Amino acid sequence: MTENLSTVKKEKTALVVEGGGMRGIFSTGILDAFIKQNFYPFDLCIGVSAGSSNVAAYLGQMYQRNYKVFTDYSLRPEFISMKKFVRGGHLMDIDWLWDITLRDMPVDVDTLFSGSAEFIIGATEVNTGNSVYLQPTRHNFDQLMKASSAIPVIYRGFVEVDGVKYVDGGVTDSIPVIEAYRRGANKIMVLRSRPHAYMMNNSKNNMLTRWHLRKYPDLLQALNNRAHTYQEAIDFMRNPPSDVQVIEVNPPDSFKTERLTKELPILEQDYQLGYDMGVQLAQDWDKQSS
Numbered sequence: 089m090t091e092n093l094s095t096v097k098k099e100k101t102a103l104v105v106e107g108g109g110m111r112g113i114f115s116t117g118i119l120d121a122f123i124k125q126n127f128y129p130f131d132l133c134i135g136v137s138a139g140s141s142n143v144a145a146y147l148g149q150m151y152q153r154n155y156k157v158f159t160d161y162s163l164r165p166e167f168i169s170m171k172k173f174v175r176g177g178h179l180m181d182i183d184w185l186w187d188i189t190l191r192d193m194p195v196d197v198d199t200l201f202s203g204s205a206e207f208i209i210g211a212t213e214v215n216t217g218n219s220v221y222l223q224p225t226r227h228n229f230d231q232l233m234k235a236s237s238a239i240p241v242i243y244r245g246f247v248e249v250d251g252v253k254y255v256d257g258g259v260t261d262s263i264p265v266i267e268a269y270r271r272g273a274n275k276i277m278v279l280r281s282r283p284h285a286y287m288m289n290n291s292k293n294n295m296l297t298r299w300h301l302r303k304y305p306d307l308l309q310a311l312n313n314r315a316h317t318y319q320e321a322i323d324f325m326r327n328p329p330s331d332v333q334v335i336e337v338n339p340p341d342s343f344k345t346e347r348l349t350k351e352l353p354i355l356e357q358d359y360q361l362g363y364d365m366g367v368q369l370a371q372d373w374d375k376q377s378s
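Counting with the numbering used here, you get residues 89 to 378 for the letters of the sequence shown.
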């Protein structure tokens, strides 16, 4: 029987990578395994916060670049410092981290921008509190990467890109799987930084956050809504439309890294957990059909 090719829907594949501070070591391991196996099946790649940095290293084919960021640069006192924070500085100084790592290990933007995959960075617009999904250029790549990771209060300022102020994309859309679907993806792999059973609790902003963002009510409201939007993404992943396949990849129960973890043995163990899972994911990809 001859198949009617005009009725066959072309598969569009997407990779979505959640952030989570130091928990991003898990997706770093997975993506390093992908690089090692030359596994690049995605038409669209969307990263948020630390996830956007991991996607950039993956698309730039820079094996273990971000492993070194997490296990060396991120552990230096210049990056995470409570002493600096109580004196009015950043708790996580992404300016320092990006400046030194781009100097010492510049991202291969030639490879990054020459690939066939569309690269999208998730961020939050400060003045509106809206999610935005931005395609970086050579001109604004560095600043957009910072913007996607600028967690309010933990990073005390905002990051301005082309005249617009942004903060961490995780404020409004930590897991942009619905955005991948809106862009036509029907086979979506989602790399999480939380276990499968994790539920984000509803919580009001604390006094420090309310004071710090007192001139930005829409951003404060977005933070208040964060648990709701997070759950929307979870519900979509677990109950997608009938024509969409979502492959949700969670850290196992043995994963120990938290947002501000600085213990090298824990980070190395959790990187290896991700790497081993990445090897298996690449091998199983073609067995899974949408």
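C-beta: ideal position from N, C-alpha, C; glycine also.
Note that the structure is a prediction, hence the values are computed from the model and not measured.
> Hey, is the region 242-252 in contact with the region 262-280, meaning 3+ C-beta pairs nearer than 8 Å?
Replying inline: no
> Do you know whose CA, among F324, D230 and D256, lies nearest R270's CA?
Replying inline: F324
> Where does Y286 sit, in a helix, a strand or coil, going by DSSP?
Replying inline: Coil.
>> Does the contact criterion of 3 or more C-beta pairs under 8 Å hold for the region 198-206 versus the region 151-163?
In response: no
> CA-CA distance, N142 and D230?
Replying inline: 14 Å
>> Can you tell me where the alpha helix (DSSP H) holding Y318 begins and where it ends?
In response: Y318 -> alpha helix (DSSP H) spans R314 to R326.
> Expressed to the nearest angstrom, what Euclidean distance is found between the alpha-carbon atoms of R347 and D374?
Replying inline: 33 Å
> Starting from D364 and walking both ways along the alpha helix (DSSP H), at which residues does that stretch end?
Replying inline: L352 to D372
> Of all the options S169, V278, T317 and P129, which has the alpha carbon lying nearest to the alpha carbon of G217?
Replying inline: T317
> Apart from the five residues just before and just after L301, which ones in its own chain have a Cβ nearer than 7 Å to its Cβ?
Replying inline: P240, L307 and L308
> What did DSSP end up calling Q333 once you bin it into helix, strand or coil?
Replying inline: strand
> Which residue or residues does DSSP assign as beta-bridge partners of D256?
Replying inline: Under DSSP, D256 shares a beta bridge with A211.
> Leaving out five residues before and five after Q60 in sequence, what residues of the same chain have Cβ atoms less than 6 Å from its Cβ?
Replying inline: Because the chain is modelled from 89 through 378, residue 60 falls outside the range shown and cannot be assessed.
>> For A370, which residues in the same chain have their Cβ closer than 7 Å to its Cβ, ignoring the five residues on either side in sequence?
In response: A121, F122, Q125 and F127
> Out of curiosity, what's the CA-to-CA distance linking P165 and C133?
Replying inline: Taken atom to atom, the span from the alpha-carbon of P165 to that of C133 is near 32 Å.
> Using the C-alpha atoms, what's the distance from E351 back to S330?
Replying inline: 43 Å
> Going by other Cβ atoms of all chains shown within 10 Å of its Cβ, with 16 needed for buried, is M365 buried or exposed?
Replying inline: buried
> Would you call the CB atoms of G258 and V136 closer than 8 Å?
Replying inline: Against a cut-off of 8 Å, the Cβ pair of V136 and G258 comes out as a contact.
>> Quick check on the DSSP output: the alpha helix (DSSP H) that includes L119 runs from which residue to which?
In response: L119: member of the alpha helix (DSSP H) spanning I113 to K124, first to last residue.
>> To the nearest angstrom, how far is the alpha carbon of Y146 from that of H227?
In response: The alpha-carbon atoms of Y146 and H227 are separated by roughly 20 Å.
>> If the criterion is Cβ atoms closer than 8 Å, does the pair T116 and E356 meet it?
In response: no
> According to the Cβ coordinates, are V104 and A268 closer than 8 Å?
Replying inline: yes
> Who does M180 pair with in a DSSP beta bridge?
Replying inline: I168
> Could you give the distance in angstroms between the alpha-carbon of N293 and the alpha-carbon of K98?
Replying inline: 44 Å
> If you drop the 5 nearest sequence neighbours on each side, which residues of the same chain put their C-beta closer than 6 Å to that of V334?
Replying inline: I276, M325 and P328
> Under 8 Å, do G210 and K100 count as touching if we go by C-beta distance?
Replying inline: no
>> Distance check for M180 and P194, CA to CA, integer angstroms please.
In response: 20 Å
> What is the C-beta distance between S342 and R111, in whole angstroms, given that I count them as a contact (C-beta under 8 Å)?
Replying inline: Not a contact, Cβ separation roughly 14 Å.
>> Distance check for V278 and A102, CA to CA, integer angstroms please.
In response: Going by the C-alpha atoms only, they are around 8 Å apart.
>> Rounding to the nearest angstrom, what Cα-Cα distance links A315 and L190 in this structure?
In response: 33 Å
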